[in-house]
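S.K.:
There are 2 protein chains.
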Amino acid sequence: MAANTTEMTRKAKKTNGGARGGPRRRGELQDRVVAQLRRGLMVGAFVPGQTISLRKLAGHLGTSAMPVREAINQLTAANVLEMLPNRTVCVPRMTPARFEELSKVRQALEGMAAEMACRRASPQLVKRLEKVNAELLHAIRARDILGCLARNQEFHFTLYEAADSEVLLPLIEPLWLQAGPIMYFSLISPDMPWDASAHGDVLKALRDHDAAAARRAIERDIRNTASYLLKSSVFRGASGPLVALRRESDFDFGMFG
Amino acid sequence: MAANTTEMTRKAKKTNGGARGGPRRRGELQDRVVAQLRRGLMVGAFVPGQTISLRKLAGHLGTSAMPVREAINQLTAANVLEMLPNRTVCVPRMTPARFEELSKVRQALEGMAAEMACRRASPQLVKRLEKVNAELLHAIRARDILGCLARNQEFHFTLYEAADSEVLLPLIEPLWLQAGPIMYFSLISPDMPWDASAHGDVLKALRDHDAAAARRAIERDIRNTASYLLKSSVFRGASGPLVALRRESDFDFGMFG
DNA sequence: GATCACATAATATGATCACACTCACCGGCG
DNA sequence: CGCCGGTGAGTGTGATCATATTATGTGATC
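Quick mapping for you: the protein sequence lines, in order, are chains A and B.
The numbering of the first sequence is our numbering, which starts it at 604 and goes up by one.
The numbering of the second sequence is our numbering, which starts it at 604 and goes up by one.
1) If I'm right that B:P670 touches B:L640 with Cβ under 8 Å, what's the distance once you round it to whole angstroms?
2) Suppose the cutoff is 7 Å on Cβ atoms and the five residues either side in sequence are ignored; what does the same chain contact list for B:N755 look like?
3) In the structure shown, what three-state DSSP assignment does B:V692 receive?
4) Measuring only the C-alpha atoms, how far is B:M786 from A:M645?
5) Over the uninterrupted alpha helix (DSSP H) stretch that includes B:H812, give me the two end residues.
6) Take A:W797 as the anchor and find which of A:A668, A:S667, A:M715, A:N736 has the nearest alpha-carbon.
7) Any Cβ of chain B within less than 9 Å of the Cβ of A:L790?
8) I want to see whether chain A comes within less than 9 Å of B:P651, judged by CB atoms only; does it?
9) Quick check on the DSSP output: what are the complete alpha helix (DSSP H) runs of length 4 or more inside the region 716 to 789 of chain B, in order along the chain?
10) Just verifying my parser: in three-state terms, what is the DSSP assignment at B:M697?
11) Please tell me whether A:R672 has its Cβ less than 9 Å away from any Cβ of chain B.
12) Here's the rule: buried if 16 or more other CB atoms are within 10 angstroms of the residue's CB, otherwise exposed. What is B:P688?
13) Any beta carbon from chain B within less than 9 Å of A:L705's own beta carbon?
14) Count the other C-beta atoms from every protein chain shown that fall within 10 angstroms of the C-beta of A:R623, then say buried if there are 16 or more, exposed otherwise.
15) Counting contacts by CB-CB distance shorter than 9 Å, is B:T828 in contact with chain A?
16) Closer than 9 Å by beta-carbon distance: list the chain A residues that pair up with B:L712, in chain order.
17) Give me the chain B residues within the contact set of A:Q593, using Cβ-Cβ distance strictly less than 9 Å, ordered along the chain.
18) Could you pull out every residue in the same chain whose Cβ sits closer than 7 Å to the Cβ of B:A765, ignoring the five residues on either side in sequence?
19) Using the three-state DSSP reduction, which class does A:T666 fall into: helix, strand or coil?
20) Along the region 663 to 690 of chain B, where does the CB come closer than 7 Å to a CB of chain A? Name the residues.
21) Here's the rule: buried if 16 or more other CB atoms are within 10 angstroms of the residue's CB, otherwise exposed. What is B:A745?
22) Let's test the definition: count the other Cβ atoms within 10 Å of the Cβ of B:S706 and tell me whether it reaches 16, buried, or not, exposed.
23) Alpha carbon to alpha carbon, how far is A:G625 from B:S656?
24) Classify A:T679 as buried or exposed, calling it buried when 16 or more other Cβ atoms lie within 10 Å of its own Cβ.
25) Based on the DSSP secondary-structure assignment, which residues constitute the bridge partners of B:E685?
26) From A:S667 to A:L833, what distance separates their C-alpha atoms?
27) Going by beta carbon distance, what residues of the same chain come within less than 7 Å of A:L742, once the five residues before and after it are set aside?
28) Just confirm the distance between the C-beta atoms of A:A717 and A:I825, as a whole number of angstroms; I'd bet it's less than 8 Å.
29) What does DSSP give as the partner residues of B:T828 in its beta bridges?
30) Could you name the residues of the region 758 to 772 of chain B whose beta carbon sits closer than 8 Å to any beta carbon of chain A, in the order they occur along the chain?
31) Tell me which residues share the same chain as A:A681 and place their Cβ nearer than 7 Å to its Cβ, disregarding the 5 neighbours each side in the sequence.
32) If you draw a straight line from the alpha carbon of A:A782 to that of B:D747, how long is it in whole angstroms?
33) Can you tell me where the alpha helix (DSSP H) holding A:G643 begins and where it ends?
34) Classify A:R642: buried if its beta carbon has 16 or more other beta carbons within 10 angstroms, exposed otherwise.
35) For B:A711, which three-state DSSP category applies?
What follows is the structure, encoded as structure tokens:
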């Protein structure tokens, strides 16, 4: 699927501009690059500490350097990517201390979002969440790592979107992206005791319209997985062996080298 | 080293590049533009709802459109500026509901930062905070609006920086920038009952090494000013009359038109 | 054989250009 | 008089070019 457009860009004159694939909508490329980067971070295509080159990435993505620049700028401003003093960007290394802070902030923010969502909760929302949670449990039983990640994310964010807050959601999303790579690498460990019981508590709180309980359940969910990750070996080993475990072929993200 | 100086000037009009003001450090212009925009937002040079044009701003700032683009992109990614569906950016309008959410989030995050800072607090920190607070009180007595804003910001951020968190600070800063314009316009009201008593409680908690009390004090400080602002007339009137009250000449920010 | 200087390659940054789209103003037609 | 279509300026986006800076590799020197 990765279109190899290197041939076409050779001598496309300078008058062309961007008519390569027909007319574009405004900001399409930039948003597409951001989406690909986000997905790549969530899915473990990037290794913590890895530096990201503008031109190389642009070449892999088949675009000019311009959209990549703006996408990387956005992610850097959101603290998803880090800018070294050399002005080169890299995906941040996660230390235990930082991860613990991240979890505490997530508990506060996502707990607040859960509380607000519970107040606005509709039966349809509960039904959707039950469906997603069932899929999550199925993915856990099937040992489907990516399915777990995707369903878990879907569960949390459909809940948070129900809070309908223009302040909270934009704050929560980057936090997930910061934790994304670590989450992926952690799930590789064969004895991942994913604990989805907190999700059940969330659903119960929503049905009872008990906002405080919803907050506590979300906080417990975050705290559980965080404490497991801190006890696991994710932070002990260097990122070396983890690289080998990437399954690039599953997603068209071999490009991020 | 002196390789191809033979074809130095291709066409006199595009060879200039950026040598206008002599050599620059890397990323200097971009950071400078970001700093100017931040300061402008804090200081009331922008009116909520005002749209921002890339080329105009670049022209006023004396630079190319490039650094302005990246600066605006950063601020947009941090939710400090808003991007309309037309892909034009504007400084967000603040509604009471949004401001209330903002204050609740600020209470949670800044309370957490105060708690962490209290645990790491040193006598030097307390001393510096006392000095800043004294200056703040002086500015209040002198009815120095900008002095109040600057000192208050300095008080809070020297405290939060003491928390030494790479997670919290980047989250807190944009929240202040979001509230920045409203804060400025609110202080214009002649009967601003600025309540710095919470700052005293913060200092006392720091001296007592009582982290929980520090958190409560900061939360109270935010809650107080928020409830006052919500009761004031800032949100009632349209932004029309507020524009006239800008004192552009005080800062070299008449450029932001 | 190790270290340092220098040349080469690669990088991010800034400037400029070309294009598609948006919006406001205006003249015509209903 | 009111709606409608054109037309122009203005906008953000993407591509390309130029430049300074940084990283890297290779050579000579000690």
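The beta carbon of each residue, even a glycine, is placed where N, CA and C say it ideally should be.
M.R.: According to the structure data:
1) Taking the first residue of the second sequence as 1, we reach residue 670 of chain B at position 67. Taking the first residue of the second sequence as 1, we reach residue 640 of chain B at position 37. Rounded, the Cβ-Cβ distance is 11 Å, inconsistent with contact.
2) Along the second sequence, read from residue 1 onward, the residue named residue 755 of chain B stands at position 152. Cβ neighbours of B:N755 beyond the five flanking positions: L739.
3) The sequence position of residue 692 of chain B within the second sequence is 89, counting from 1. It is a strand residue.
4) Within the second sequence, residue 786 of chain B is the residue found at index 183, counting from 1. Within the first sequence, residue 645 of chain A is the residue found at index 42, counting from 1. C-alpha of B:M786 to C-alpha of A:M645: approximately 37 Å in a straight line.
5) Working through the second sequence from its first residue, we reach residue 812 of chain B at position 209. No alpha helix (DSSP H) contains B:H812, which DSSP labels as neither H nor E.
6) The count along the first sequence starts at 1 and reaches residue 797 of chain A at position 194. Selected option, being the one with the closest Cα: A:N736.
7) For the purposes of this step, residue 790 of chain A is taken as residue 187 along the first sequence, with counting starting at 1. Taking 9 Å as the CB threshold, A:L790 stays off the interface with chain B.
8) Position 48 of the second sequence, counted from the first residue, corresponds to residue 651 of chain B. So no, B:P651 is outside the interface.
9) Runs found: 726 to 744, 748 to 766.
10) As a first step, residue 697 of chain B must be located in the second sequence, where it is residue number 94. Reduced to three states, the DSSP call for B:M697 is coil.
11) Taking the first sequence and counting its residues from 1, the one referred to as residue 672 of chain A is at position 69. The C-beta of A:R672 comes closer than 9 Å to at least one C-beta of chain B.
12) Here residue 688 of chain B refers to the residue found at position 85 when the second sequence is read from its first residue. The residue in question, B:P688, is exposed, as its Cβ has fewer than 16 Cβ neighbours within 10 Å.
13) The residue given as residue 705 of chain A occupies position 102 in the first sequence. True, the Cβ-Cβ gap to chain B drops below 9 Å.
14) As a first step, residue 623 of chain A must be located in the first sequence, where it is residue number 20. Here the model assigns A:R623 a pLDDT of 43, short of 50, so the residue's position is not dependable and the matter cannot be decided.
15) On the second sequence, position 225 is the one that residue 828 of chain B refers to. Output row for B:T828: interface = no.
16) Against the second sequence, residue 712 of chain B aligns to sequence position 109. Here the neighbours are V708, A711, L712, L774.
17) Past the edges of chain A, shown from 604 to 860, lies residue 593 of chain A, and the structure says nothing about it.
18) Mapped onto the second sequence, residue 765 of chain B falls at position 162. Only A720, R723, A724, L728 meet the Cβ criterion.
19) Position 63 of the first sequence, counted from the start, is the residue given in the question as residue 666 of chain A. Secondary structure at A:T666: coil, using DSSP grouped into helix, strand and coil.
20) Taking 7 Å as the Cβ-Cβ cut-off against chain A, the residues of the region 663 to 690 of chain B that qualify are E673, N676, Q677, A680, A681, N682, R690.
21) Walking along the second sequence from the start, residue 745 of chain B turns up at place 142. Flag for B:A745 reads exposed.
22) To locate residue 706 of chain B, count along the second sequence from 1; it is residue 103. Burial call: buried.
23) Mapped onto the first sequence, residue 625 of chain A falls at position 22. Mapped onto the second sequence, residue 656 of chain B falls at position 53. Because A:G625 carries a pLDDT of 46, less than 50, the predicted location of this residue cannot be relied on, and no value is offered for it.
24) Locating residue 679 of chain A in the first sequence gives position 76, counting from the first residue. Residue burial annotation: A:T679 is buried, with at least 16 other C-beta atoms found within 10 angstroms of its C-beta.
25) By one-based count along the second sequence, residue 685 of chain B stands at place 82. Answer is B:C693, bridged to B:E685.
26) Locating residue 667 of chain A in the first sequence gives position 64, where the first residue counts as 1. Locating residue 833 of chain A in the first sequence gives position 230, where the first residue counts as 1. One C-alpha to the other measures close to 40 Å.
27) The residue you call residue 742 of chain A lines up with position 139 of the first sequence. According to the sequence displayed, residue 742 of chain A carries Ala and not Leu. Cβ-Cβ distances below 7 Å link A:A742 to G750, C751, R754 in the same chain, with the five nearest sequence neighbours on each side left out; the list follows chain order.
28) Numbered from 1 along the first sequence, position 114 holds the residue referred to as residue 717 of chain A. Numbered from 1 along the first sequence, position 222 holds the residue referred to as residue 825 of chain A. Actually they do not touch by this definition, with Cβ atoms about 10 Å apart.
29) As a first step, residue 828 of chain B must be located in the second sequence, where it is residue number 225. Its beta-bridge partners do not exist; DSSP assigns none.
30) Listed by position, the residues of the region 758 to 772 of chain B near chain A (Cβ gap below 8 Å) are S768, E769, V770, L771.
31) As a working mapping, residue 681 of chain A is identified with position 78 in the first sequence. Apart from the 5 residues on each side of it in sequence, A:A681 sits with its Cβ closer than 7 Å to the Cβ of P777 in its chain, given in chain order.
32) To locate residue 782 of chain A, count along the first sequence from 1; it is residue 179. To locate residue 747 of chain B, count along the second sequence from 1; it is residue 144. When rounded, the distance between both Cα atoms is 43 Å.
33) Numbered from 1 along the first sequence, position 40 holds the residue referred to as residue 643 of chain A. Unbroken alpha helix (DSSP H) run through A:G643: 631 to 645.
34) To locate residue 642 of chain A, count along the first sequence from 1; it is residue 39. Exposed is the call here.
35) Position 108 of the second sequence holds residue 711 of chain B. Three-state result, B:A711: helix.
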